[in-house]
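Asker: Got a structure here, written out as C-alpha cells. Questions coming.
Residue numbers (full-length UniProt numbering): 1 to 187.
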C-alpha cells in the first residue's frame with residue numbers, strides 16, 4: 001500500500017534529518033524527495049517546525065509500539081528490555097533522538113499526545129514491575145523519571161564521546177542501565 005502524501009513527507013523529512021540534521025530538512029527538499037510539488041508540504045505542515053514535530057511524533061509512536069511489545073515479557077524483564085531498546089534506538093538514530101528530546105517551540109498536539117502515550121506505556125511497565133516485586137515500591141512516575149534520566153544521560157554522554165566501555169567511564173549505556181536495575185533490585 002502506498003503511503004499517504006503526509007506519511008511520505010514525514011518519511012522524507014526523517015531521511016533528511018538522518019543525513020544532515022535539522023538544518024538539512026527544508027520543505028522544498030522534502031517535497032522533491034516525496035515526488036510532490038514544492039508547495040505540497042505546506043498543505044500538510046505550517047512550517048518546518050511543524051514537520052519536524054510530526055517526525056518526532058512518529059518516532060515516539062514507534063517507541064510506544066516497542067513498549068507494548070516489551071510488555072509481553074515478565075514485568076521486570078519488560079522494563080529492562082524497554083530501556084535497552086531505547087538505548088539501541090538512540091545510539092542508532094542520534095539525530096532522531098536529539099530531535100525527539102530537544103527543545104520545542106511549537107505546541108504540537110500530535111507531538112504532545114505521542115509523548116504522553118509513550119511515557120504512559122513506560123510508567124505502566126514500571127508499575128507492573130513494582131507490583132511483581134522486581135522494582136521497589138514508591139512513586140512509579142518518579143522511578144520512571146530516574147530510569148529514563150540515567151538512560152538518556154548515558155546515551156547523551158556516549159554520543160558525545162564521554163562514555164565508552166573501553167574508554168571514558170569504562171561503561172556503556174547498556175552497562176549502566178543494568179547497574180541501575182541491579183541497585184534497584186537490592187532496594
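The C-beta atom is built at its ideal place from N, Cα and C for all residues, glycine as well.
Nearest CA to the CA of residue 151: which residue from 54, 101, 187 and 86?
Answerer: Your numbering for residue 151 matches position 151 in the chain shown. Selected option, being the one with the closest Cα: 86.
Asker: Give me, in chain order, the residues of the same chain whose beta-carbon lies closer than 6 Å to that of residue 12; leave out the 5 immediate sequence neighbours on both sides.
Answerer: By one-based count along the chain shown, residue 12 stands at place 12. The residues are 30, 33 and 34.
Asker: Please give the ranges of any alpha helix (DSSP H) in the region 24 to 79, keeping only runs that are unbroken, at least 4 residues long and fully inside the region.
Answerer: 27 to 34, 40 to 44 and 48 to 70
Asker: Measuring straight from C-alpha to C-alpha, what distance separates residue 170 and residue 160?
Answerer: Here residue 170 refers to the residue found at position 170 when the chain shown is read from its first residue. Here residue 160 refers to the residue found at position 160 when the chain shown is read from its first residue. Their backbone Cα atoms lie some 15 Å apart in a straight line.
Asker: What's the gap between the Cα of residue 140 and the Cα of residue 123?
Answerer: For the purposes of this step, residue 140 is taken as residue 140 along the chain shown, with counting starting at 1. For the purposes of this step, residue 123 is taken as residue 123 along the chain shown, with counting starting at 1. Their backbone Cα atoms lie some 6 Å apart in a straight line.
Asker: For residue 169, which of helix, strand or coil comes out of DSSP?
Answerer: If you number the chain shown from 1, residue 169 lands on position 169. Three-state result, residue 169: strand.
Asker: Output yes or no for whether 8 Å exceeds the beta carbon distance between residue 99 and residue 52.
Answerer: Position 99 of the chain shown, counting from 1, holds the residue named residue 99. Position 52 of the chain shown, counting from 1, holds the residue named residue 52. Yes, the Cβ-Cβ distance between residue 99 and residue 52 is below 8 Å.
Asker: Rounded to whole angstroms, how far is the Cβ of residue 173 from the Cβ of residue 185, which I believe are closer than 8 Å?
Answerer: Along the chain shown, one-based indexing puts residue 173 at 173. Along the chain shown, one-based indexing puts residue 185 at 185. Actually they are not in contact, since the Cβ atoms of residue 173 and residue 185 sit about 19 Å apart, beyond 8 Å.
Asker: For residue 1, collect the residues of the same chain with a Cβ closer than 6 Å to its Cβ; drop the 5 residues on either side in sequence, then sort them by chain order.
Answerer: By one-based count along the chain shown, residue 1 stands at place 1. With a pLDDT of only 46 at residue 1, under 50, the local geometry of the prediction cannot be trusted, and no value is derived from it.
Asker: With a threshold of 7 Å on Cβ separation, who are the neighbours of residue 175 within its own chain once the five nearest residues in sequence on each side are excluded?
Answerer: Indexing the chain shown from 1 puts residue 175 at position 175. The answer, listed in chain order, is 165.
Asker: Compute the Euclidean distance between the alpha carbons of residue 180 and residue 67, then round it to the nearest angstrom.
Answerer: The residue you call residue 180 lines up with position 180 of the chain shown. The residue you call residue 67 lines up with position 67 of the chain shown. Taking the straight line joining both Cα atoms gives about 19 Å.
Asker: Spatial neighbours of residue 127 within its chain, please: CB distance less than 7 Å, with the 5 preceding and 5 following residues excluded, ordered by chain position.
Answerer: Translated into the one-based positions of the chain shown, residue 127 becomes position 127. In chain order, 140 place their CB closer than 7 Å to the CB of residue 127, counting only its own chain and leaving out the 5 sequence neighbours on each side.
Asker: Does residue 116 pass the burial test, meaning 16 or more other C-beta atoms within 10 Å, or should it be called exposed?
Answerer: Residue numbering aside, residue 116 sits at position 116 when the chain shown is read from its first letter. The residue in question, residue 116, is exposed, as its Cβ has fewer than 16 Cβ neighbours within 10 Å.
Asker: Would you mind giving the Cβ-Cβ distance between residue 49 and residue 106, rounded to the nearest angstrom? I have them listed as a contact below 8 Å.
Answerer: Stepping through the chain shown from its first residue, residue 49 is reached at position 49. Stepping through the chain shown from its first residue, residue 106 is reached at position 106. Indeed, because the Cβ distance is near 5 Å, the residues count as touching under 8 Å.
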